[in-house]
Amino acid sequence: MYKKYKDLLSKRADIKGAIALLSWDQEVFMPREGASFRAKQLATLSGIAHEMFTSQQTGELLEQLIHDRLLSSDELKNVKETMNEFSKSRKLSKEFVEKRSETISDAFQNWLKARSFNDFKTFLPSLEKLVDIKRKEAELIGFDEHPYDALLDEYEPDEKTSNISKVFEDLRQKLPPLLKAIKDMPQVEDRFLKKKYDKDKQWEFGLYLLKQMGYDFDAGRQDISEHPFTITFNPLDVRVTTRINENDFNNMTFSCIHEGGHALYEQGIPSSNYGLPSGESISLGVHESQSRLWENNIGRSLPYWKANYGKLQNIFPTNLGHVTLQEFYRAINKVQSSLIRTEADELTYHFHIMIRFEIEKMLIEGTLEAKDARDMWNDLYDKYLGVKVPDDKNGILQDIHWSHGSFGYFPTYSLGSFYAAQFHEKAKEEISDLQLEITSGNLTPLLTWLREKIHRHGKLYKASELCQMVTGEPLNLDYFMRYAEKKYMKIYGFKKM
Ligand code: CO
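The numbering of the sequence shown is the numbering used here, which starts it at 19 and goes up by one.
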C-alpha cells in the first residue's frame, strides 16, 4: 500500500515538474505572444494535480496508511505530512481555487499597469480584492491565534504570527544602535563597483563561483531572467537564473551565489524520495537560510574573497587592479538605508521586511484598509529607514508578491537570515578550520556539513525541530546580531556602540 502511495505522489510530482518547466520557460525563453495560452496550460495542469491529489481515493489510501503498523517511522512521517496537506487542500473548493487564480491573474496585470503609470490607485481595486480573498482563505483554512497564521502556514509551516512579531520586536530594539554607530563613521567607498563590467566576463565568473560552491552542472544549468530564481523540475534537474547589470558588479555576483545556495539545497535532497515530503524542502525560511548563508555569511566574507579576489582582479584589471582586497571587501558590505528591498544591504534589509509584515498583518486582521496602505507604507519607510518615498514605483508597488497573491511570504526572508547566522556559527564550531578551507577556495567541507545536517532530511522535520537538532536550541536572534556587530565593527572601524 505504501508503494501505491509513493506511486501516486510520484505521478503528482511528474505533473508538478511539467508545471515548473512551463513556468521556467515562461520566464526565460517564451515569446511574449505565448502568455495567454501558457497561463491556460498552467491552470489546467494545476487543476489536474489538485484534483488527483484531493480525490476520495487519496483520502482513503491515506486513512488506511496512517493506521499501518508496518510503516517505518520515516514512512509514517511522510504519510502524516501528506495527510496534513490533503486536509488543508480539501478545505478550499475548486470554485474558490479558480476564483483566487482569476483574481491573481487580474491583479498581476494591474500591478504591471500600475507600475508603468507609477500609480498605486490603478492597483488599489486589485489589492482590495486580494485582501478579501486572502481573508476568506484564512477563514476557510482556519487558525488558532491569528488569521495571518493560516497564510503564513503555506510558506513557513507551524510558524506563528505572534512569534514573528516577537522576533521583529527584538530586532527593532537591537539593530538601530548598530546602524547608528555605522552611520556615525565615514562611509565606505564603492564607486569602483559601479564601473562597466563586461557582461560575458561577469557571466563566466558567475559560472566559476557556482562550480566552486559545488553546484552540479550535470544536474542543472544557469540562464538569464528578469528576476533571478531557482526552480526544480526533479532532483536531478535543478536550475538557476541570474541577471547581469553591466554597471553594477554586485547585482549578478551575489544573485548567483544566492540562487546557488537555494539550488545546493534542492540538489542535496535524496532523489530516491521523489514526490514524497522527505523529497521536499522544509519551508521557505529554511530555503532562504541556505541561500543567505552562502550569499552573506560566506559570499560577503573576507576568507571567501581571499580565495577569489585575485582571479577577479585578473578578469577586470582596469576596474579592480588598484583596489585592495580590504577595500573591495568593505565595498561589497556597504550599509546604507535605501528604498528598494532587493538592493538593500544585509542589515537595513530587515526593516523592509518588517514594514511589509506589519502592513500585511494589519490588512489581514482588518485594522488597515487597502486604500490606506500606501500612506502607511510611506510613513513606515520614513520611521524605520529614514527615507522619503518619492513615488509608488519605488514604494509600495516595488515587489511582485502581493500581485501574485502571496501574503505571509515576506517574513520568511528575515527568518532565513537569522537561521543562516545560527547554522553558520554551528558549522564553524563543528568543521575544523572552516575559515582556512574557505580561504583556500575549498567549499566542500561546508557543503558536506549542510548536506548531512540539513539537506538530506527533506521535510521529515519541522523548521523548529531542525534548528533544535542542528544547533541545540530554538531560533535565536542573538546569533545574527553577534555576527552583524562583529563584522560591521571591523568594516566601519568603531570599537563600541
Ligand atoms: Co532567495
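Glycine included, each C-beta is placed from N, C-alpha and C at the ideal position.
Q.
Under 8 Å, with one C-beta from each stretch per pair, do the stretch 414-426 and the stretch 157-171 reach the 3-pair mark?
A. Segments in contact, yes.
**Q.** Nearest-residue set for the ligand CO, Cβ under 6 Å from any heavy atom
**A.** His276, His280, Glu306, Ser309
Q) Taking DSSP as the reference, what is the three-state secondary structure of Phe441? A) If you number the sequence shown from 1, residue 441 lands on position 423. Correct three-state label for Phe441: helix.
Q) Going by DSSP, which residues form a beta bridge with Asn252? A) Position 234 of the sequence shown holds residue 252. Asn252 pairs with Asp255.
Q | Those residues which DSSP pairs with Thr260 across a bridge | A | Numbered from 1 along the sequence shown, position 242 holds the residue referred to as residue 260. In the DSSP secondary-structure assignment, Thr260 is bridged to Ile242.
Q: Could you tell me which of Thr457, Pro175, Val115 sits nearest to Gly328, measuring between CA atoms?
A: Within the sequence shown, residue 328 is the residue found at index 310, counting from 1. When only C-alpha atoms are compared, the closest one is Thr457.
Q | Entirely enclosed alpha helix (DSSP H) segments - the stretch 122-167, minimum 4 residues | A | 138-159
Q | Segment contact flag, the stretch 183-194 with the stretch 303-314, C-beta cutoff 8 Å, min 3 pairs | A | no
Q) Between Lys214 and Thr336, what straight-line distance do the alpha-carbon atoms span, to the nearest angstrom? A) Along the sequence shown, one-based indexing puts residue 214 at 196. Along the sequence shown, one-based indexing puts residue 336 at 318. If you take the alpha carbons of Lys214 and Thr336, they lie about 10 Å apart.
Q) From Phe441 to Glu483, what does the alpha carbon distance come to, in whole angstroms? A) As a first step, residue 441 is located in the sequence shown; it is residue number 423 there, counting from the start. As a first step, residue 483 is located in the sequence shown; it is residue number 465 there, counting from the start. Taking the straight line from one Cα to the other gives about 13 Å.
Q: Using 10 angstroms around the beta-carbon of Ala53, count the other beta-carbons present and answer buried if the total reaches 16, otherwise exposed.
A: Locating residue 53 in the sequence shown gives position 35, counting from the first residue. Its Cβ having fewer than 16 others within 10 Å, Ala53 is exposed.
Q | Contained alpha helix (DSSP H) runs [length at least 4] in the stretch 183-208, N- to C-terminal order | A | none
Q: Use the C-beta contact count for Gln344: other C-beta atoms within 10 angstroms, 16 or more gives buried, fewer gives exposed.
A: Counted from its first residue, the sequence shown places residue 344 at position 326. Gln344 comes out exposed.
(Q) Which of the three DSSP states is assigned to Leu343 in this structure? (A) Looking up residue 343 in the sequence shown gives position 325. Of the three classes helix, strand and coil, the one that applies to Leu343 here is helix, per DSSP.
Q. To the nearest whole angstrom, what separates the beta carbons of Lys379 and Thr179, a pair I think is in contact under 8 Å?
A. Here residue 379 is taken as the residue at index 361 of the sequence shown, counted from 1. Here residue 179 is taken as the residue at index 161 of the sequence shown, counted from 1. The pair is a contact, with the Cβ atoms about 6 Å apart (cut-off 8 Å).
Q: Specify whether the stretch 262-271 and the stretch 212-230 touch according to this definition: at least 3 beta carbon pairs, one from each stretch, less than 8 Å apart.
A: yes
**Q.** Leu257 classed as buried or exposed, judged by whether at least 16 other C-beta atoms fall within 10 angstroms
**A.** Taking the first residue of the sequence shown as position 1, residue 257 is located at position 239. First, the residue type needs correcting, since residue 257 is Arg and not Leu in the sequence shown. Around the beta carbon of Arg257, 16 or more other beta carbons sit within 10 angstroms, so the residue counts as buried.
Q. Where are the alpha helix (DSSP H) runs, 4 residues long or more, that stay fully inside the stretch 330-407, in chain order?
A. 335-338, 343-349, 367-383, 391-398
Q: Taking 8 Å as the cut-off, decide whether the C-beta atoms of Phe161 and Ser107 are in contact.
A: Looking up residue 161 in the sequence shown gives position 143. Looking up residue 107 in the sequence shown gives position 89. Contact flag unset, no.
Q | alpha helix (DSSP H) segment containing His280, residue limits | A | Translated into the one-based positions of the sequence shown, residue 280 becomes position 262. Where His280 is concerned, the enclosing alpha helix (DSSP H) stretches over 267-285.
Q. If we cut at 8 Å on Cβ distances, does Leu39 have a partner in chain D?
A. Of the protein chains in the structure, only one exists, and it is not chain D.
Q) Is it a yes or a no for the stretch 400-418 touching the stretch 355-372, going by three-plus beta-carbon pairs under 8 Å? A) yes
**Q.** N-terminal and C-terminal residue of the alpha helix (DSSP H) that Pro463 is part of
**A.** The count along the sequence shown starts at 1 and reaches residue 463 at position 445. Unbroken alpha helix (DSSP H) run through Pro463: 462-471.
Q: Compare the C-alpha of Arg118 against each of Ser73, Tyr399, Lys154, Met487 and name the closest.
A: Numbered from 1 along the sequence shown, position 100 holds the residue referred to as residue 118. Among Ser73, Tyr399, Lys154, Met487, the Cα nearest to that of Arg118 belongs to Lys154.
Q | Exposure label - Met372; buried when at least 16 CB within 10 Å | A | By one-based count along the sequence shown, residue 372 stands at place 354. Answer is buried; the Cβ neighbour count reaches 16.
Q: Assign Ser144 to buried or exposed, taking buried as 16 or more other Cβ atoms, counted over all protein chains shown, within 10 Å of its Cβ.
A: As a working note, residue 144 is residue 126 in the sequence shown. Buried, by the Cβ-count rule.
Q: Could you tell me whether the stretch 281-300 touches the stretch 87-96, where touching means 3 or more Cβ pairs closer than 8 Å?
A: These segments touch.
Q: For Leu464, I'd like the list of residues in its chain whose CB is within less than 8 Å of its CB, leaving aside the five on either flank, ordered along the chain.
A: One-based indexing of the sequence shown puts residue 464 at position 446. Ile316, Ala445, Ile449, Leu452, Glu455, Ile456.
Q: Use the C-beta contact count for Glu277: other C-beta atoms within 10 angstroms, 16 or more gives buried, fewer gives exposed.
A: Numbered from its first residue, the sequence shown carries residue 277 at position 259. The residue is buried, with at least 16 neighbouring Cβ atoms inside 10 Å.
**Q.** Nearest neighbour of Met101, chosen from Leu79, Arg87, Val115 [CA to CA]
**A.** Counted from its first residue, the sequence shown places residue 101 at position 83. The option with the nearest alpha carbon to Met101 is Leu79.
Q | From Ala362, Thr430, Gly434, Leu433, residue whose alpha carbon lies closest to that of Asn412 | A | Along the sequence shown, one-based indexing puts residue 412 at 394. Per the Cα distances, Ala362.
Q. Nearest to Gln285 by alpha carbon, out of Ser307, Arg392, Phe235, Pro246?
A. If you number the sequence shown from 1, residue 285 lands on position 267. Among Ser307, Arg392, Phe235, Pro246, the Cα nearest to that of Gln285 is on Phe235.
Q: Identify the continuous alpha helix (DSSP H) that holds Asp25 and give its terminal residues.
A: Mapped onto the sequence shown, residue 25 falls at position 7. It spans 20-46 - the alpha helix (DSSP H) in which Asp25 sits, taken as one unbroken run.
Q. What's the C-alpha gap between Ile200 and Asp208?
A. In the sequence shown, counting from the first residue as 1, residue 200 sits at position 182. In the sequence shown, counting from the first residue as 1, residue 208 sits at position 190. Going by the C-alpha atoms only, they are around 16 Å apart.
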